[in-house]
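Protein sequence lines, in the order shown, are assigned to chains A and B. Whatever position you read off the first sequence (first residue = 1), add 5 for my numbering. Whatever position you read off the second sequence (first residue = 1), add 5 for my numbering. Some notes on the structure that comes next.
There are 2 protein chains.
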Amino acid sequence: MTRSLVFVTGNANKLLEVQAILKVHDIEVEAQALDIPEIQGTTLEVSAAKCRAAAKLIGGPCITEDTALVFKAMNGLPGPYIKDFMKNIGHAGLNAMLVGFPTKAATAICTFAYSPGPDQDPILFVGETEGEIVQPRGSTHFGWDAVFQASINGQTFAEMDPTFKNSISHRYKALAKLVEYLGQLPL
Amino acid sequence: MTRSLVFVTGNANKLLEVQAILKVHDIEVEAQALDIPEIQGTTLEVSAAKCRAAAKLIGGPCITEDTALVFKAMNGLPGPYIKDFMKNIGHAGLNAMLVGFPTKAATAICTFAYSPGPDQDPILFVGETEGEIVQPRGSTHFGWDAVFQASINGQTFAEMDPTFKNSISHRYKALAKLVEYLGQLPL
Numbered sequence: 006m007t008r009s010l011v012f013v014t015g016n017a018n019k020l021l022e023v024q025a026i027l028k029v030h031d032i033e034v035e036a037q038a039l040d041i042p043e044i045q046g047t048t049l050e051v052s053a054a055k056c057r058a059a060a061k062l063i064g065g066p067c068i069t070e071d072t073a074l075v076f077k078a079m080n081g082l083p084g085p086y087i088k089d090f091m092k093n094i095g096h097a098g099l100n101a102m103l104v105g106f107p108t109k110a111a112t113a114i115c116t117f118a119y120s121p122g123p124d125q126d127p128i129l130f131v132g133e134t135e136g137e138i139v140q141p142r143g144s145t146h147f148g149w150d151a152v153f154q155a156s157i158n159g160q161t162f163a164e165m166d167p168t169f170k171n172s173i174s175h176r177y178k179a180l181a182k183l184v185e186y187l188g189q190l191p192l
Numbered sequence: 006m007t008r009s010l011v012f013v014t015g016n017a018n019k020l021l022e023v024q025a026i027l028k029v030h031d032i033e034v035e036a037q038a039l040d041i042p043e044i045q046g047t048t049l050e051v052s053a054a055k056c057r058a059a060a061k062l063i064g065g066p067c068i069t070e071d072t073a074l075v076f077k078a079m080n081g082l083p084g085p086y087i088k089d090f091m092k093n094i095g096h097a098g099l100n101a102m103l104v105g106f107p108t109k110a111a112t113a114i115c116t117f118a119y120s121p122g123p124d125q126d127p128i129l130f131v132g133e134t135e136g137e138i139v140q141p142r143g144s145t146h147f148g149w150d151a152v153f154q155a156s157i158n159g160q161t162f163a164e165m166d167p168t169f170k171n172s173i174s175h176r177y178k179a180l181a182k183l184v185e186y187l188g189q190l191p192l
């Protein structure tokens, strides 16, 4: 039996990645692009606020997803603001802003949030992948993938075989927790 | 005749600075601390959204204020996120994140927003002061004042005589525009 879910995203790459992972678990993902302003705050605060607002707009259950890239040297930042940094200063800028710090260690964090419906507290599922910021290697098409070298095998996300990446990524780990949770819910 | 205004802020230092400047113009400022989540976005988007939300909560006219610190090398960033950066990496971190860039030039930006009331578009008043990021000099009590060296006289904001600072600061320039606007409104 196939279950389906509304995934609030306007990002075609993320949708494809999430669809690929959830298909294996017989969960069909329908995307809906909503214009929800993201708040400033910690990664968890940003995710919870977005999911709460989405459930209100949709009037029913939904999932949202947020990605953060945390530099160890910068104590949690750029974190949820990585999108703006990537857009404004690119791969070269992300490297440049770490030149003055002793460590280039970084953690890729994905947070899926599930809300059963309006005015209900979202439940958060967090996945993390350790690595470090390096000069870009591999395709530069998908955000900061080319400058994030994962500790697990020394490849950047952009150099990895997509299937392998889907099996070790922060997004996969967060999704795995979400899938486990969804599996326990009554149909 | 004295006019009074609700200034939405929980920051005692900003309140004192704004009260000092507006008192000269016979405008009394009453502070109200509201918990309004700030959105992610450009400096202007962040300000407009906050003022709109504040007017809705207050149910009447109000002013809000936002400060941004823009690094020329980082194309608008940290911008409205400077508060988080200051909190998480401090003066040393703000200097460190510019080590890898050729320019330390920065612009302090203050945006006052005035809303006549709920569901009315806020009007924005922007003031800017040019300078650069330096090692901290002067009192380190007021945000990033100690690391922002103004071009006008080579002092950091923290080294300046407060009266002089109030006469050249980004906040003063934005307030001057707000005051001019308020002076033209019917009482």
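No residue lacks a Cβ here, since even glycine has one placed at the ideal position from N, Cα and C.
List the residues of chain D that residue i touches, going by C-beta distances under 8 Å, in chain order.
i, result
"I87(B)", "Absent from the structure is chain D; the protein chains it does hold are A and B."
Suppose contacts are defined by Cβ-Cβ distances below 9 Å. Is residue i in contact with residue j by that definition?
i, j, result
"A179(B)", "F130(B)", "yes"
"G188(A)", "H30(A)", "yes"
"F117(A)", "E70(A)", "yes"
"A111(B)", "L74(B)", "yes"
"L99(B)", "F106(B)", "no"
"V11(A)", "G65(A)", "yes"
"P83(B)", "T47(B)", "no"
"P141(B)", "A113(B)", "no"
"G132(B)", "S174(B)", "yes"
"Q45(A)", "V51(B)", "yes"
Taking the straight line between their C-alpha atoms, what separation do you get for residue i and residue j?
i, j, result
"I128(B)", "I32(A)", "47 Å"
"I255(A)", "N171(A)", "Since the first and last residues shown for chain A are 6 and 192, residue 255(A) lies out of range."
"F76(A)", "T7(B)", "50 Å"
"T72(A)", "T145(B)", "34 Å"
"E43(B)", "E135(B)", "25 Å"
"L190(A)", "L39(A)", "26 Å"
"N18(A)", "F147(A)", "8 Å"
"I26(A)", "K182(A)", "12 Å"
"G143(A)", "T168(A)", "15 Å"
"I157(B)", "I63(B)", "39 Å"
"V152(B)", "N93(B)", "15 Å"
"V34(A)", "V13(B)", "42 Å"
"Y177(B)", "Q24(B)", "11 Å"
"N16(B)", "M165(A)", "48 Å"
"A54(B)", "D126(B)", "10 Å"
"A59(B)", "E22(A)", "39 Å"
"Y119(B)", "K28(B)", "18 Å"
"T108(B)", "A155(B)", "15 Å"
"L103(A)", "C115(B)", "27 Å"
"T161(A)", "E137(B)", "35 Å"
"C56(B)", "I41(A)", "18 Å"
"G95(A)", "I87(A)", "10 Å"
"W149(B)", "S9(B)", "30 Å"
"D124(A)", "K61(A)", "7 Å"
"L20(A)", "A78(B)", "33 Å"
Residues of chain B with CB under 8 Å from residue i, in chain order?
i, result
"I173(A)", "What I173(A) touches in chain B: nothing, since even the nearest Cβ is about 28 Å away."
"Q24(A)", "Result: empty, since nearest Cβ-Cβ is about 26 Å, beyond 8 Å."
"Q37(A)", "Within chain B, no residue comes near Q37(A); the closest Cβ sits about 20 Å away, beyond 8 Å."
Closer than 7 Å by beta-carbon distance: list the chain A residues that pair up with residue i, in chain order.
i, result
"F90(B)", "L82"
Show which residues of chain A have a CB atom less than 9 Å away from the CB atom of residue i.
i, result
"A54(B)", "P42"
"Q125(B)", "Going along chain A, no residue has its Cβ under 9 Å from Q125(B), so there is no contact; the nearest lies around 19 Å."
Report the neighbours of residue i on chain A: residues whose CB is nearer than 8 Å to its CB, in chain order.
i, result
"N16(B)", "Simply none; closest approach about 15 Å."
Name, going along the chain, the residues of the stretch 137-171 of chain A whose beta-carbon falls closer than 7 Å to a beta-carbon of chain B.
none
Which residues, in order along the stretch 95-106 of chain A, keep a beta-carbon less than 8 Å from a beta-carbon of chain B?
G98, N100, A101, M102, L103, V104, G105, F106
Got a sec: which bits of the stretch 176-188 of chain A sit with their beta carbon under 7 Å from any beta carbon on chain B, in order along the chain?
none
Please list the residues of the stretch 69-82 of chain A that have a C-beta atom closer than 8 Å to any C-beta atom in chain B, keeping them in chain order.
A78, M79, N80, G81, L82
Return the chain-ordered ranges of every beta strand (DSSP E) run that is complete within the stretch 60-128 of chain A and spans a minimum of 3 residues.
67-76, 110-120
Uninterrupted alpha helix (DSSP H) stretches inside the stretch 6-41 of chain A (no shorter than 4 residues):
17-28
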